[in-house]
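J.: After the structure tokens below, expect a handful of questions from me.
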Amino acid sequence: MSFISPLLTPEQLKLEKTVKLGVMASGSGSNFEVICEAIANQQLNGEVPILIYNNPDAKVKERGERWGVKTILLNHRNYKKREDLDQAIVEVFQAHNIDLIIMAGWMRIVTKVLLEAFPNKVINIHPSLLPSFRGIHAVEQALAAKVKVTGCTVHLAELEVDHGPILMQAAVPIFEDDTSETLHARIQEQEHLIFPQAIALRAQQIFTEK
Ligand code: GAR
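If you read the sequence shown in numbering that gives the first Met the number 0, its first letter stands for residue 0, the second for the next number, and so on.
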């Protein structure tokens, strides 16, 4: 049971040319993996020349290696300021001629250094129906608020955290016996459906803007 908006046909998501995606991830990387799968299945006309991760033991690194994606560790602990980390990220993505930046579970606040280098080209996924439950522990926030429906949002990133024009959302029900794990798993099923679609949608927009 879920509700996805907008509903788009594969035909509507076709891309005339290949979109180059620079992915940033901090953790498990299941969303990174579905992007790679969508490309492999030809649902998304894209390529991932580079994956940046910030935690040395993030599982996403192994996933990247399995998919043959070049991975780079930029450990935020080695940078004095958020802006310095973002500058390093910008340099890596510019060197790889990236069209769109995908924050696939990137658990750092981004600055204008990144957002101004790639204006309206940074996409974030968040496990709530924004503007509800921004910030960390969004799934727990939804449980604590005792709402009956929550979901996930893919949006363009702006300076304000978990804020910006929405590309796609999916809603899921919350059941009486849900824990944060069961609810997050239900949300992630929907994340995995909408993320590749929302990326295709934004790629189409930037290709036609050019
Ligand atoms: C996802 O559920 C994503 O929505 C969330 O992190 C998870 C990463 O999962 N992102 C945020 O909370 C950002 N505010 P993954 O590593 O399995 O893709």
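Every residue gets a Cβ at the ideal spot worked out from N, C-alpha and C, and that includes glycine.
Where does G67 fall in DSSP's three states?
T.: Indexing the sequence shown from 1 puts residue 67 at position 68. The answer is coil: DSSP assigns G67 none of H, G, I, E or B.
J.: Should Q187 be listed as close to the ligand GAR, given that the test is whether its C-beta is under 8 Å from any heavy atom?
T.: The residue given as residue 187 occupies position 188 in the sequence shown. Checking every heavy atom of the ligand GAR against the Cβ of Q187, one is found closer than 8 Å.
J.: Counting beta carbon pairs with one atom in the segment 10–23 and one in the segment 198–206, are three or more of them shorter than 8 Å?
T.: yes
J.: With 16 as the cutoff for other CB atoms within 10 Å, does D85 come out buried or exposed?
T.: The count along the sequence shown starts at 1 and reaches residue 85 at position 86. D85 should be labelled buried.
J.: For H154, count the other beta carbons within 10 Å of its own beta carbon; 16 or more makes it buried, fewer makes it exposed. Which is it?
T.: Here the question's residue 154 lines up with position 155 in the sequence shown. Looking at its Cβ environment, which holds 16 or more other Cβ atoms inside 10 Å, H154 is buried.
J.: State yes or no: is the C-beta of L43 within less than 9 Å of the C-beta of V22?
T.: By one-based count along the sequence shown, residue 43 stands at place 44. By one-based count along the sequence shown, residue 22 stands at place 23. Taking 9 Å as the Cβ cut-off, L43 and V22 do not qualify as a contacting pair.
J.: Can you tell me whether I205 sits near the ligand GAR, meaning its C-beta is under 8 Å from at least one heavy atom of the ligand?
T.: Position 206 of the sequence shown, counted from the start, is the residue given in the question as residue 205. The answer is no for I205.
J.: If contacts are defined as beta-carbon pairs under 8 Å, then P130 and I186 qualify, I think. What distance do you get, rounded to the angstrom?
T.: Against the sequence shown, residue 130 aligns to sequence position 131. Against the sequence shown, residue 186 aligns to sequence position 187. 16 Å between Cβ atoms; not a contact.
J.: What whole-angstrom Cβ distance do L192 and A169 have, given they're in contact under 8 Å?
T.: Indexing the sequence shown from 1 puts residue 192 at position 193. Indexing the sequence shown from 1 puts residue 169 at position 170. Right, their Cβ atoms sit about 7 Å apart.
J.: Going by DSSP in three states, H125 sits in which element: helix, strand or coil?
T.: Your numbering for residue 125 matches position 126 in the sequence shown. Three-state result, H125: strand.
J.: Would you call the segment 83–101 and the segment 46–58 touching, i.e. three or more CB-CB distances under 8 Å?
T.: yes
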